[in-house]
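Colleague: The structure follows.
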Amino acid sequence: MPRPKSGIRRDVSAEMRALAQFLRDCVDECGITQKELALTIKVSEQRLSEFMRGEVLPLPDVVKRIVAETVPTARRPMMTRRAERLHGAAEAAPHAPALVRSARQVETLLAQKERLFQDLDALRRDGALLVAFLMRMIARLDRQLRDLTAERDDLRRDRTAYSAELDALGRELWRTKQQRERAGQKLETAQEQRAEAEQRCVAAQLEIEELQAELAKLRAEQGATAGEAADGTRSTSRQDGVTELSDDIDDALSKIDTVLHTQAENIQRLSEPEDDTPSGYPPDNPAAGDDGSRPDRPDRPHRAARAAEPDSAPEDRADGAEAAPPPPTTAAEAAGCGPLHVLRFADTLWRDGQHATLVAQLERAVVLQTPEEIETTRGLLKGLLKDGHDIHSLLESVLTRHSRRQRTPAPPPPESPEPTTRPPAPAGFVALTVAPHTCGTVRPCPIEEAPDTPPRHSTAVRALLDRHRADTLLLPGSSPARPPMLDRQDERERLVRVLARGRSVRLTGARGSGRTTLLDWVATDCSGIAPDGVVRLSGHGKDAPELLYELCAAVFDLKGHRIGRARLDKLLPEIGAIVVVDDLGFGGAELDALLDATPECAFLFSATPHTPEPSGDAYVQEVHLSPLGPEAGRELLSLSVGRELTENEGYWATDVWFVTEGLPLSHVQAGALLRYRTHTSLPRVAHAAAPAALLASWLSEDAREVLRLAVALGGEVPHHWHLPVLLGRPHSDTAVAELAQCGLVTVAGARYRLADGVVAQLEAEGYGVGAIDRLRSIGEYYAWYAGHAEVTSHHVALEAPAVLATLAGLGASAGLPCAMTAVQLARAASAKLAAAGAWDAWGRALNHGLHAAHGRREAAADAACLRHELGLLALCRGDGDAAREALSAAVDAHTSVSDAEGAERGRRALRLLSDRRATEPVATTLHLAAPAPA
């Protein structure tokens with residue numbers, strides 16, 4: 006190839022001349038033209054000439070390409086190293102070569118600058134026109150503003166003329182609404198009293214008929230002469246109506262109050278039997294005289310208490326002579342607990358509404374009765390009580406339970422019956438009382454607090470609970486729209502068919518594959534299949550017993566009680582529901598036990614491929630969730646962006662689908678990359694595989710701070726209610742919605758947590774720095790929150806995952822401040838978790854607190870209380886050995902710190918443990934006491 010016509014420039018550095026000479030020598034030896042070489046190395050022919058004249062320093066890659074095209078293969082490595090040395094020297098020379106332009110180039114550049122000036126001048130003129138237009142618009146808006154202000158002032162002046170009238174009408178409207186509400190309440194009361202009066206009237210008529218029949222029978226047997234006995238009737242004046250409606254409605258309502266009060270008194274007085282009225286029941290006092298008088302008593306107990314006392318046998322009078330009472334034939338009659346005695350006090354207590362006392366006395370009476378007497382008592386009570394009442398089912402359960410027992414020889418009748426007291430509950434019923442920062446207590450449960458078989462939740466209550474769960478997941482700043490379901494119709498129909506046949510199925514898919522969304526759609530499709538509907542549970546971090554308890558609590562009303570496994574095993578077979586369990590964490594024998602305990606339920610599980618599989622004996626059908634197809638991936642990406650994808654974005658979406666293996670969550674995150682990008686070029690495909698750090702850099706400061714909190718908590722995201730306090734920013738509650746729209750957080754039950762892999766990606770970017778300080782702040786806040794008297798146990802249980810994550814993080818630190826914060830948080834939160842029935846979380850919180858307090862003298866008293874409550878938990882769960890060990894250690898610890906009250910509570914629990922006749926309580930009544938004063 007011929008050299009350029011002009012030689013190497015002399016006004017450049019020696020290093021630059023050496024590089025130019027080297028390039029000339031290389032191209033002299035090749036047999037291609039300058040034009041062909043320029044095309045091969047992808048530079049212009051003019052620029053190649055400038056390189057060889059030394060006017061412009063070429064790039065290192067250009068030098069390498071020239072050497073590669075002009076030098077033989079054998080000499081190419083050596084010549085490449087030489088070219089690199091010459092290029093480095095030329096680049097480091099003190100006088101870099103300047104680009105010397107020709108006259109033609111200068112003319113071209115001048116023409117470009119003139120065109121640029123003309124364009125800028127046109128823009129300047131357009132800007133001047135725009136400014137003038139805006140100034141005219143502002144002037145017109147100013148005039149309109151003045152007109153509107155004047156009109157507003159006129160309206161204000163006119164309003165003063167009738168403002169007093171408006172205020173009077175407003176007050177009258179409010180008063181009318183109040184009167185309407187009061188009138189509705191009075192109407193309900195009047196209707197209730199009318200129904201009660203009708204019931205009393207029917208009962209009195211039946212009693213009169215029975216007494217008349219009994220009197221006729223007695224007279225026929227005694228051969229007494231027929232006489233007409235004058236029946237005393239009582240009548241009371243009742244106000245039939247109210248006075249005419251006066252202008253003052255309040256006066257009319259007060260008169261209605263008087264009428265209702267009078268009617269209530271009349272109904273009560275007419276329903277109470279008089280002491281001297283003949284009846285078919287034995288007299289209260291068999292020692293009374295013939296005239297009906299009673300011996301003097303120093304005090305007269307309440308009527309319900311007298312009715313509950315054992316009664317003597319009835320007196321039979323013949324020809325004015327007093328006959329001796331017949332001797333008792335059974336132990337129940339000797340103790341005053343025969344069927345007639347039960348009927349008598351049941352009638353009195355039923356009328357008084359003292360249902361708890363009625364149940365207690367019935368429990369005492371049927372213990373002494375024979376099976377035949379129990380059947381007689383059942384028949385008598387059926388005539389007294391009507392079906393459909395809760396008290397009727399309760400009494401029926403008492404009678405049924407005692408009629409099936411193995412009878413033991415009845416004890417001899419007592420010489421003198423003692424006054425009846427409220428009996429304790431049967432063995433197996435205990436009452437647990439807990440309070441923040443105070444040792445809990447456990448005692449035998451009184452009969453009126455012992456739970457009967459719990460009723461089912463009504464349809465309205467179930468709908469309310471489902472709506473409450475949905476509201477808990479609803480985030481401020483986000484739309485409540487359901488996520489779309491793409492490319493999943495076949496799996497959806499298959500799952501519905503399997504569940505409709507009453508079979509269980511396990512949906513297996515990787516994290517982020519859309520399992521939760523598919524389960525939500527299938528649950529909606531199965532809403533009308535099972536009698537108990539659809540029950541949705543979260544299996545994240547839960548074992549089979551806890552899931553069974555949550556299932557029972559979702560169908561039955563267990564409020565205020567924690568039932569034991571024995572009663573749980575009786576209730577679970579009665580449940581017929583489609584149970585949807587998201588994120589199941591166990592399999593094998595544990596899953597078999599869950600399925601065996603619920604024979605009438607069909608389960609839909611979702612699990613990852615790493616979850617243990619069901620055993621071979623468990624009939625659980627397996628459905629694998631396949632990845633999205635390329636078309637569905639592009640559609641999901643388009644929905645995430647909110648617009649149609651461009652052609653280049655479509656190609657990029659295909660690459661994203663290949664890299665992410667078709668996971669829907671990854672496509673949502675990739676859509677967020679397209680939404681938040683700040684430049685025109687597309688993000689790198691590698692970012693779609695690990696987008697957390699890049700997305701976090703584009704989010705708001707509140708969202709980034711929430712990510713730091715979540716990383717410190719191991720992935721748990723505090724509920725958005727708490728974020729304004731935890732972050733110190735009033736409007737930071739919208740940060741979780743921002744993270745959800747980017748796919749950085751996912752739903753876990755009734756909460757949100759970081760998506761799979763996000764924690765590791767953020768920790769690599771430094772989001773875990775300062776985690777200990779954040780954990781201390783979170784722990785101090787949660788300790789205050791859980792110990793506050795206005796915070797319910799339900800809200801603390803809802804925040805249990807974050808609380809437990811805080812305790813775990815603080816316990817891993819070796820510092821004393823973190824340990825004391827963990828101890829205070831464990832003591833404050835454990836009481837609310839126990840009262841909410843979340844006993845797994847209760848036990849874990851206690852163990853975390855004990856671990857933090859271990860070996861620290863400052864927390865010795867706290868450790869004693871935590872160990873005491875671990876003993877109570879073991880007692881309530883039926884683990885006698887663990888309860889005895891923990892309570893004994895707690896008593897010793899309380900004694901060592903001179904806490905006499907705590908030691909005495911532990912001794913009482915030990916005595917209850919030794920006296921109880923059942924291994925596990927049938928049910929535990931939960932009480933949350935007020936927090937102890939500081």
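The numbering used here applies: residue 6 is where the sequence shown begins, and numbers increase by one. Glycine is no exception: its CB is placed at the ideal position from the N, C-alpha and C atoms.
#1: Distance cutoff 9 Å, beta carbons only. Does GLU96 sit that close to anything in chain C?
#2: Determine the contact status of THR811 and ILE783, defining contact as a CB-CB distance below 9 Å.
#3: Looking at the structure shown, is ARG15 part of a helix, part of a strand, or coil, going by DSSP?
#4: When DSSP labels each residue in this structure, what does TYR757 get in the three-state scheme?
#5: To the nearest angstrom, report how far apart ALA794 and ARG849 are at their CA atoms.
#6: With DSSP as the reference, label PHE591 as helix, strand or coil.
#7: Just curious, the alpha helix (DSSP H) that GLY445 is in, first and last residue?
#8: Pick helix, strand or coil for THR659, following the three-state DSSP scheme.
#9: Please report the residue range of the beta strand (DSSP E) in which THR522 lies.
#10: I need the boundaries of the alpha helix (DSSP H) containing ARG709, first residue and last residue.
#11: Check for me: the beta strand (DSSP E) holding PHE610 runs from which residue to which?
#12: How far does the alpha helix (DSSP H) with SER671 in it extend, from its first residue to its last?
#13: Looking at the strands, I want to know which residues DSSP matches up with SER509.
#14: Helix, strand or coil for ILE534, going by three-state DSSP, please let me know.
#15: Starting from the C-beta of LEU42, find all residues in its chain whose C-beta is less than 8 Å away, skip the five residues before and the five after it, and write them out in chain order.
#16: Measure the C-alpha to C-alpha separation of THR154 and GLN746 and round it to an integer number of angstroms.
#17: Give me the Cβ distance between THR659 and PRO635, rounded to the nearest whole Å; I'm assuming they're in contact under 8 Å.
#18: From the DSSP output, in three-state form, read off ARG157 for me.
#19: Any chance the stretch 706-716 sits against the stretch 730-748, with 3 or more Cβ pairs inside 8 Å?
#20: Could you give the distance in angstroms between the alpha-carbon of ALA575 and the alpha-carbon of LEU670?
#21: Hey, how far is the Cα of ALA677 from the Cα of GLY720?
#22: Could you tell me the distance, in whole angstroms, from the CA atom of VAL539 to the CA atom of PHE561?
#23: If you draw a straight line from the alpha carbon of HIS92 to that of ARG80, how long is it in whole angstroms?
#24: State yes or no: is the C-beta of LEU437 within less than 9 Å of the C-beta of ALA839?
#25: What did DSSP end up calling SER620 once you bin it into helix, strand or coil?
#26: Just to confirm before moving on: does the CB-CB distance between PRO456 and HIS566 stay below 9 Å?
#27: How is ARG567 classed by DSSP in three states: helix, strand or coil?
#28: For THR751, write down the residues that DSSP places opposite it in a beta bridge.
#29: Please state whether the Cβ-Cβ distance between GLY569 and GLY883 is less than 9 Å.
#30: Could you tell me the distance, in whole angstroms, from the CA atom of THR4 to the CA atom of MET142?
#31: Measure the C-alpha to C-alpha separation of THR797 and GLY773 and round it to an integer number of angstroms.
#32: For THR522 versus PRO488, is the C-beta spacing smaller than 9 Å?
#33: Does the separation of the CB atoms of ALA549 and PHE610 fall below 9 Å?
#34: Just to confirm the assignment: which complete alpha helix (DSSP H) runs, minimum length 4, are found wholly within the stretch 804-880?
#35: Ordered along the chain, which non-local residues of its own chain (more than five positions away) have a Cβ less than 8 Å from that of GLY655?
#36: Could you tell me the distance, in whole angstroms, from the CA atom of ASP537 to the CA atom of GLY581?
Modeller: By the coordinates alone:
#1: Among the protein chains of the structure shown there is no chain C, as only one such chain exists.
#2: yes
#3: coil
#4: strand
#5: 23 Å
#6: coil
#7: Element bounds for GLY445: not the alpha helix (DSSP H) but the beta strand (DSSP E), 443-449.
#8: helix
#9: No beta strand (DSSP E) holds THR522; the alpha helix (DSSP H) holding it covers 520-530.
#10: 706-717
#11: 607-612
#12: 669-681
#13: VAL625
#14: coil
#15: MET6, VAL32, CYS35, LEU53, ILE71, GLU74 and THR75
#16: 43 Å
#17: 6 Å
#18: helix
#19: yes
#20: The residue asked about is misnamed: residue 575 is Lys in this sequence, not Ala. Approximately 42 Å between the Cα atoms of the pair.
#21: 20 Å
#22: 14 Å
#23: 18 Å
#24: yes
#25: coil
#26: yes
#27: strand
#28: ARG758
#29: yes
#30: The structure shown does not extend to residue 4, since the chain spans only 6 to 939, so no value can be given for it.
#31: 32 Å
#32: yes
#33: no
#34: 805-816, 821-840 and 844-858
#35: ARG639
#36: 5 Å
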